[in-house]
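Chemist: If you use my numbering, the sequence shown closes out at 716, no skipped numbers anywhere.
Even glycine gets a Cβ: it sits at the ideal position worked out from N, Cα and C.
Quick one: the structure is below, questions incoming.
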Amino acid sequence: MTAGSRQPPFELTPITALKGVGPQLAAKLEKLGIRCFRDLLFHLPLRYIDQTHITPIGELQPGSYAVVEAHIQGSQVVFGKRRSLVCRIADDSGTTQLRFFHFSAAQKERLAPGQLLRVFGEARRGAAGLEFYHPETTLISADTPLPEGLTPIYPSTEGISQKKWLQLTEQLLERCGQTPIEDLIPKEIQPLSGRAAIADILSFLHRPPRSVNAQDLTQRSHPLQQRLALEELLAHHLSLRQQRWRSQGSGYALQPALPLTKQFLQQLPFIPTAAQVRVHQEVSADLARKMPMRRLVQGDVGSGKTLIAALACLPAVAAGKQVAVMAPTEILAEQHFQNFCRWLEPLGLRVGWLTGRLTAKQRQTTQEGITRGDLQVLVGTQALFQESVTFDDLALVIIDEQHRFGVFQRLALQQKNERAKPHLLLLTATPIPRTLAMSLYASLDISVIDELPPGRTAIKTVTVNNERRAEVITRVGGNCAQGRQAYWVCTLIDESETLQAQAAEELCQSLQKALPTLTIGLIHGRMSGSDKDRQMARFKAGELQLLVATTVIEVGVDVPNASLMIIENPERLGLAQLHQLRGRVGRGTAESHCVLLYQKPLGKTARQRLEVMKTTSDGFVIAEEDMKLRGPGEVLGTRQTGDIQFRIADLSQHQALLPHVETMGETLFTQYPERVTPLIERWLAEREQFAEA
Ligand code: ADP
Ligand code: MG
24 MTAGSRQPPF
34 ELTPITALKG
44 VGPQLAAKLE
54 KLGIRCFRDL
64 LFHLPLRYID
74 QTHITPIGEL
84 QPGSYAVVEA
94 HIQGSQVVFG
104 KRRSLVCRIA
114 DDSGTTQLRF
124 FHFSAAQKER
134 LAPGQLLRVF
144 GEARRGAAGL
154 EFYHPETTLI
164 SADTPLPEGL
174 TPIYPSTEGI
184 SQKKWLQLTE
194 QLLERCGQTP
204 IEDLIPKEIQ
214 PLSGRAAIAD
224 ILSFLHRPPR
234 SVNAQDLTQR
244 SHPLQQRLAL
254 EELLAHHLSL
264 RQQRWRSQGS
274 GYALQPALPL
284 TKQFLQQLPF
294 IPTAAQVRVH
304 QEVSADLARK
314 MPMRRLVQGD
324 VGSGKTLIAA
334 LACLPAVAAG
344 KQVAVMAPTE
354 ILAEQHFQNF
364 CRWLEPLGLR
374 VGWLTGRLTA
384 KQRQTTQEGI
394 TRGDLQVLVG
404 TQALFQESVT
414 FDDLALVIID
424 EQHRFGVFQR
434 LALQQKNERA
444 KPHLLLLTAT
454 PIPRTLAMSL
464 YASLDISVID
474 ELPPGRTAIK
484 TVTVNNERRA
494 EVITRVGGNC
504 AQGRQAYWVC
514 TLIDESETLQ
524 AQAAEELCQS
534 LQKALPTLTI
544 GLIHGRMSGS
554 DKDRQMARFK
564 AGELQLLVAT
574 TVIEVGVDVP
584 NASLMIIENP
594 ERLGLAQLHQ
604 LRGRVGRGTA
614 ESHCVLLYQK
624 PLGKTARQRL
634 EVMKTTSDGF
644 VIAEEDMKLR
654 GPGEVLGTRQ
664 TGDIQFRIAD
674 LSQHQALLPH
684 VETMGETLFT
694 QYPERVTPLI
704 ERWLAEREQF
714 AEA
């Protein structure tokens, strides 16, 4: 960078300095967050294709992409099921045809017999042998050169063609040749081998040579991509750390409310486990600081996270402030409401309840209570963070089953106080493997409840093939005859709620036929909230012996007398979800069982996954296994990673990099603090707001 010059540094030169970038194109680029040279340089191809060699028609393989060069024999419009333009081409090795469903008269003219045509596309099996559907076509002369390197395909937006991206990046790379961009990661902290400078890595990724395998590059497994992915993960990590450092000192310091806490514990029907006590202390220490708490409590299903939440309310309430407790479903919110009322009202606290299902009148009364500060603890669903809800003085936000919420929803609740940033306590039963947590949750402190309350018996899990369904049904009948209850979970993944509901209804009917003496209830996502709650309440009260349900019962619901769970097609669910479901039983003292009723044939991964469920009940082990089998992206789900848009890092490819991220982050912060912001800006320029939560 040239000191003293009035020109912006090379990296920050406005994109309009490139030839052919006028206001219109600049506006489109802006939509993708591209404003300056740096942004374009870090706009990396999504995938690569190899167009460097020609495949003879006779050697085409179905399902593979290929470049073909051939003479046009003729083109005609064919009237089949749909009108299409079919163009027959031939080279020395054979003939094939191209098919276009959308075409113009000009296109038909252009594809005139005798012309030499270069075609790129996927050869697919059609009615008349291999065909290309909507391939790219270029009329060429015999000496038109093939591209020298792999063809990058850029993420784009409407109105910017791939050709345009090539032109833009071509210009930029030329200029980079004269003014290469700086390396921000000091060589001595780089854990991966290789000496390539970042400028060279970027130019390689924009224009890879033909010697590289396009597929490897598309999968981001090339060593140079690993180097860059590491830098990107590091930038995200740093941004999270910086974010939390900035929020220092802007919250309420809430002192422990000792008398109230003592009173609370005295009326509790059980004694907290050592793990609950430890985590409670961690939370109390956070609350007492002015820096807003951002703590994630991980604890297996049934480990007693609700108690931690209730205890956390006390210092806030004692200080005359409010707490919002948010749960992902009505059922769960209601259960919390009941617990909080039972635990907190005897202490003289006023607990309120807000969901989408209140009548307008109830809603208004509650909202007024919140605004005036009459209600001290508010339990509810998403309805809590709607704009119309204003708090008198919100000091603490508690979010249960946090993985169910999007980042922005979390943000909205935290912005409900203009005077001070509320403390944030997240609870989750989906354990996040440590390496992931350390790098992607750098803005959160983590507590773990690693102990279950005494007296719980492990759930025995078996896998049963669907051909033995009748035996399973008999077993359900036997279980219920002994006065215990059972769940039967019906899964239809990726189908509409309507289909799921239908499947559950049919299942319910067939079970009722097979077990006529049982009282069977049904619960699914198409039912109204109050219907769901009614069913759930009847099940809780023991009026229903068997509850047929879709995965809506997944989180948090507590019915201690339920000791048997059947899960249909468990092979369709992720391990974490299975674990959550299974956690609905084993909440009482009776021995509990879980039957995974699978459909043959099982693939290898599916078999491995069910095996994991059989052999362990430890949520952390399950999370680690899930990550090994499916990759971190899947484990976290789109809800969580969907908010993090990586340019090159891919959690399923680059897991092994995660342990480096934390140590490198530490070194940069302490020894090279001046590099932190440039590194974040380079990778996250317009995206930093995502790091908030
Ligand atoms: P989760 O961590 O899954 O949210 P909950 O908070 O719903 O677990 O607790 C599960 C059940 O265990 C509840 O019925 C709760 O009252 C009970 N419980 C919580 N802590 C203890 C404890 N220390 N001893 C005995 N029972 C407990
Ligand atoms: Mg819970």
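Reducing DSSP to helix, strand and coil, say where L545 ends up.
Modeler: Residue state, collapsed to three classes: strand.
Chemist: With the cut-off set at 9 Å, would you say Q532 and T574 are in Cβ contact?
Modeler: no
Chemist: Check whether the Cβ of I354 sits closer than 8 Å to any heavy atom of ligand 1, and report yes or no.
Modeler: no
Chemist: Under DSSP, the alpha helix (DSSP H) around P696 begins and ends at which residues?
Modeler: 696-707
Chemist: H94 lies in the beta strand (DSSP E); which residues open and close that run?
Modeler: Looking at the DSSP string, the run of the beta strand (DSSP E) that includes H94 is 88-102.
Chemist: Taking the alpha helix (DSSP H) that Q120 belongs to, which residues open and close that run?
Modeler: No alpha helix (DSSP H) contains Q120, which is instead part of the beta strand (DSSP E) from 117-123.
Chemist: When DSSP labels each residue in this structure, what does Q795 get in the three-state scheme?
Modeler: Outside the displayed span of the chain (24 to 716) sits residue 795, for which this structure offers no information.
Chemist: Using C-beta distances below 6 Å, list every residue in its chain close to C336, excluding the 5 sequence neighbours before and after it, in chain order.
Modeler: Around C336: V346, V400.
Chemist: Please name the residue or residues paired with E154 in a DSSP beta bridge.
Modeler: Answer by DSSP bridge pairing, in chain order: Q120, R147.
Chemist: Name the two residues that bound the continuous alpha helix (DSSP H) containing L319.
Modeler: No alpha helix (DSSP H) holds L319; the beta strand (DSSP E) holding it covers 317-322.
Chemist: Within its chain, find whatever has a CB closer than 6 Å to the CB of T284; leave out the 5 residues flanking it on each side and keep chain order.
Modeler: Answer for T284: L337, listed in chain order.
Chemist: Cα-Cα, which of R264, Q286, V142, I112 is closest to T693?
Modeler: The option with the nearest alpha carbon to T693 is R264.
Chemist: Candidates E614, E205, F60, N488: which alpha carbon is nearest E197's?
Modeler: Checking every option, the nearest Cα to that of E197 belongs to F60.
Chemist: Between V44 and Q523, what straight-line distance do the alpha-carbon atoms span, to the nearest angstrom?
Modeler: Inter-residue distance for V44 and Q523 is about 50 Å (C-alpha atoms, whole angstroms).
Chemist: Measuring straight from C-alpha to C-alpha, what distance separates Q213 and L256?
Modeler: 13 Å
Chemist: Apart from the five residues on each side of it in sequence, which residues of its chain come closer than 8 Å, Cβ to Cβ, to W366?
Modeler: F287, Q290, L291, A333
Chemist: Leaving out the 5 sequence neighbours to the left and right, which residues in its chain are closer than 8 Å to K42 when beta-carbon positions are compared?
Modeler: Q194
Chemist: Is V44 near ligand 1, judged by its Cβ being under 8 Å from some heavy atom?
Modeler: no
Chemist: Which residues does DSSP list as the beta-bridge partners of T484?
Modeler: In the DSSP output, where bridge partners are listed per residue, T484 has C617.
Chemist: Does the segment 69-80 come close enough to the segment 171-189 to have 3 or more Cβ pairs within less than 8 Å?
Modeler: yes
Chemist: What's the call for T167, buried or exposed, on a 16-neighbour Cβ count within 10 Å?
Modeler: exposed
Chemist: Report the rounded CA-to-CA distance for Q535 versus I543, giving the unit in angstroms.
Modeler: 7 Å
Chemist: Could you spell out the range, first to last residue, of the alpha helix (DSSP H) harbouring L195?
Modeler: 185-201
Chemist: I need the straight-line Cα distance from G182 to H245, nearest angstrom please.
Modeler: Approximately 31 Å between the Cα atoms of the pair.
Chemist: Report the CB separation of L1 from V699 in whole angstroms; it is logged as a contact under 8 Å.
Modeler: The first residue shown for the chain is 24 and the last is 716, placing residue 1 beyond what the model contains.
Chemist: With H602 as the anchor, note down where its alpha helix (DSSP H) starts and where it stops.
Modeler: For H602, the uninterrupted alpha helix (DSSP H) segment begins and ends at 598-605.
Chemist: What are the partner residues of P388, as DSSP defines its beta bridges?
Modeler: The sequence as given places Thr at residue 388; Pro does not occur at that position. BP columns for T388 are empty, so no partner.
Chemist: For H4 and A572, which I take to be in contact (beta-carbon distance under 8 Å), what is that distance rounded to the nearest angstrom?
Modeler: Past the boundaries of the shown model lies residue 4; the chain is included only from 24 to 716, so the question cannot be answered.
Chemist: Between which two residues does the alpha helix (DSSP H) containing C503 stretch?
Modeler: 492-504
Chemist: Tell me whether T352 is buried or exposed, calling it buried when 16 or more other Cβ atoms sit within 10 Å of its Cβ.
Modeler: buried
Chemist: Taking the DSSP output, what are the residues bridged to H446?
Modeler: L419
Chemist: Is it the case that the Cβ atoms of A527 and A418 are separated by a distance below 9 Å?
Modeler: no
Chemist: Looking at ligand 2, does it come within less than 8 Å of D423, judged from the CB to the closest heavy atom?
Modeler: yes
Chemist: Sorted by chain position, which residues of the same chain lie with C-beta nearer than 7 Å to L515's C-beta, five sequence neighbours on each side aside?
Modeler: L522, Q523, A526
Chemist: Are there any heavy atoms of ligand 1 lying less than 8 Å away from the beta-carbon of S326, as far as the coordinates show?
Modeler: yes
Chemist: Among all the DSSP beta bridges, which residues are the ones paired with P232?
Modeler: G172
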